[in-house]
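What follows is the structure, encoded as structure tokens:
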């Protein structure tokens, strides 16, 4: 049994979409010859990006070795200090803490054969490079988000964007293999950094765990039409991309970031309510996740059930109870493909409920198009959303129908299958490392 060291800042008791990937890999990699040790932070929770989900601890192997940084996590910079650090690209106190602490924890004891750094935070690449050199083992970069290639990112200026892209190339240069989250992100990486040969870059997406969908569908006795959205919203990005940042080239042109929220769906609901109020009176909008103030301002309070952050199991139960699942993403000019597939996409599909997907061109749209019962429109197409909602509300509730099992086309995205693919990346990396010695 080989040992792989996971460098993962987001790890239980922290919850959220970014945690699922590491938890499931650690759970299933043993079946393919890899035992795991995890280096992570102290498990501080409560922030927007670090909600608490202690239920995920039960999914970990009981004998899993978890090394936590012993020193307290520093308070993140805010206000003028944070703006100054970003503008001058200064090394933050968090970066110093995370890199030094994770290197210390990783090199304290125990043999490992390989290191994998799951990112963000992207400072993990620096830490993984240092750990790799100290332990004399190769390291693998796992990018849950495409870093500087992410069209959602907003920088102060175009220069800051180019500098971050250069930093990304430098930081990944020492990685023996790079795992991207979507096929489009992998293509973009190779096109942007020709030195990263295609054979060195793999695509392993997020997915779903079949065992999470075992058991009966949650029982409902009401006659409401339930629309569910689970996960983060980004209505708060509207003000960040205005003004000088856009003028100075700090954001990708043509990206409508606020579409990755409920803004346009709520506008469709308002229009439908003006036209057919009795139809909308049966509707409930259930939102699971941490909301910003900007998110809350966009939501119709009389129709909304805001659950806050739910444990992973409760979030899946809510998905399975829905008449309709809403899947939004940012908008892009037609023909331009998104580098992102929201993690909830795979679990939405596994829940086998109807999906209203407001998606640009890209891997997410291609995937959802394979599902029966999915309605797909552009992210800002309010008219299409209104038309779809009107038809579905007229058709009535459907929670008396038992959902089907996850569709066959989802098999490649099952977590056990993805762990097998990651083990294959490890096998190739260790084989090539042995040959080069």
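In my numbering, the protein residues as written are 15 to 451.
By construction, the Cβ of each residue, glycine as well, lies at the ideal position given by its N, Cα and C atoms.
In this text, all values refer to a predicted model and were calculated from it rather than measured experimentally.
So, for residue 413: in the same chain, excluding its five sequence neighbours on each side, which residues have a beta-carbon less than 6 Å away from its beta-carbon?
For the purposes of this step, residue 413 is taken as the residue at position 399 of the chain shown. For residue 413, the predicted model reports a pLDDT of 49, less than 50, meaning its position is unreliable and no value from the coordinates is stated.
Which residue marks the beginning of the alpha helix (DSSP H) containing residue 340, and which one marks its end?
Translated into the one-based positions of the chain shown, residue 340 becomes position 326. Unbroken run through residue 340 is the beta strand (DSSP E), 338-342; no alpha helix (DSSP H).
Quick one: using the 10 Å Cβ neighbour count with 16 as the cut-off for buried, is residue 292 buried or exposed?
As a first step, residue 292 is located in the chain shown; it is residue number 278 there, counting from the start. Exposed, by the Cβ-count rule.
In terms of alpha-carbon separation, which member of 241, 303, 172 lies closest to residue 461?
Since the displayed the chain opens at 15 and closes at 451, residue 461 lies outside it and no answer follows.
Can you name the residues that DSSP bridges to residue 123?
Within the chain shown, residue 123 is the residue found at index 109, counting from 1. The partner list for residue 123 (beta bridge, DSSP) is empty, contrary to what the question assumes.
For residue 327, I'd like the list of residues in its chain whose CB is within less than 8 Å of its CB, leaving aside the five on either flank, ordered along the chain.
By 1-based counting over the chain shown, the position of residue 327 is 313. Taken in chain order, the residues that qualify are 69, 226.
In three-state DSSP terms, what is residue 295?
Along the chain shown, read from residue 1 onward, the residue named residue 295 stands at position 281. Residue state, collapsed to three classes: coil.
Could you check if residue 432 is buried or exposed, using at least 16 other CB atoms within 10 Å of its CB as the buried criterion?
Stepping through the chain shown from its first residue, residue 432 is reached at position 418. Classification for residue 432: buried.
If you reduce the DSSP assignment to three classes, tell me which class residue 169 lands in.
Taking the chain shown and counting its residues from 1, one reaches residue 169 at position 155. Note: residue 169 maps to coil in three-state DSSP.
For residue 25, I'd like the list of residues in its chain whose CB is within less than 7 Å of its CB, leaving aside the five on either flank, ordered along the chain.
Here residue 25 is taken as the residue at index 11 of the chain shown, counted from 1. Hits under 7 Å: 33, 36, 52, 54.
For residue 388 and residue 369, I'd like the C-alpha separation in whole angstroms.
Taking the first residue of the chain shown as 1, we reach residue 388 at position 374. Taking the first residue of the chain shown as 1, we reach residue 369 at position 355. Cα-Cα distance, rounded: 5 Å.
How long is the line joining the alpha carbons of residue 237 and residue 309, rounded to whole angstroms?
Position 223 of the chain shown, counted from the start, is the residue given in the question as residue 237. Position 295 of the chain shown, counted from the start, is the residue given in the question as residue 309. Cα to Cα, the separation comes out at about 27 Å.
The alpha helix (DSSP H) with residue 469 in it runs from where to where?
Residue numbering for the chain in the displayed model covers 15 to 451; residue 469 lies beyond these limits and cannot be assessed.
My guess is that residue 21 and residue 131 are in contact by the Cβ rule of under 8 Å, so how many angstroms apart are they, rounded?
Within the chain shown, residue 21 is the residue found at index 7, counting from 1. Within the chain shown, residue 131 is the residue found at index 117, counting from 1. With 8 Å as the limit, residue 21 and residue 131 qualify as a contact, their Cβ atoms being about 4 Å apart.
Compare the Cα-Cα distances from residue 211 to each of 229, 191, 165, 29 and report the closest residue.
Locating residue 211 in the chain shown gives position 197, counting from the first residue. Here the closest residue by C-alpha is 191.
Look at residue 4 and residue 196 and say whether their C-beta atoms are less than 8 Å apart.
Absent from the model: residue 4. The displayed extent of the chain is 15 to 451, so no value can be given.
Starting from residue 48, follow its DSSP beta bridges and name the residues at the other end.
Looking up residue 48 in the chain shown gives position 34. Residue 48 pairs with 16.
Looking only at DSSP bridge pairs, what is residue 217 linked to?
For the purposes of this step, residue 217 is taken as residue 203 along the chain shown, with counting starting at 1. According to DSSP, residue 217 bridges with 194.
Which stretch, first to last residue, makes up the beta strand (DSSP E) that contains residue 79?
For the purposes of this step, residue 79 is taken as the residue at position 65 of the chain shown. Unbroken beta strand (DSSP E) run through residue 79: 79-82.
Considering just the uninterrupted stretch of the beta strand (DSSP E) at residue 313, what are its terminal residues?
By one-based count along the chain shown, residue 313 stands at place 299. Taken as a continuous stretch (DSSP letters only), residue 313 belongs to no beta strand (DSSP E), as it is neither H nor E.
What does the alpha-carbon distance come out to for the pair residue 439 and residue 216?
Reading the chain shown from its first residue, position 425 is the one you call residue 439. Reading the chain shown from its first residue, position 202 is the one you call residue 216. Those two C-alpha atoms are separated by around 8 Å.
Are the CB atoms of residue 349 and residue 375 nearer to each other than 8 Å?
As a first step, residue 349 must be located in the chain shown, where it is residue number 335. As a first step, residue 375 must be located in the chain shown, where it is residue number 361. Yes, the Cβ-Cβ distance between residue 349 and residue 375 is below 8 Å.
Going by the CB atoms, is the gap between residue 329 and residue 366 shorter than 8 Å?
Here residue 366 is taken as the residue at index 352 of the chain shown, counted from 1. Here residue 329 is taken as the residue at index 315 of the chain shown, counted from 1. No. Outside cutoff.
Give a yes or no on whether the C-beta atoms belonging to residue 304 and residue 62 are separated by under 8 Å.
Mapped onto the chain shown, residue 304 falls at position 290. Mapped onto the chain shown, residue 62 falls at position 48. Against a cut-off of 8 Å, the Cβ pair of residue 62 and residue 304 comes out as a contact.
Decide if residue 65 is buried, meaning its Cβ has at least 16 other Cβ atoms within 10 Å, or exposed.
Here residue 65 corresponds to residue number 51 of the chain shown, with the count starting at 1. By the neighbour-count rule (16 or more Cβ atoms within 10 Å), residue 65 is buried.
Residue 345 by DSSP, collapsed to three states: which one?
If you number the chain shown from 1, residue 345 lands on position 331. DSSP places residue 345 in strand when its eight states are reduced to three.
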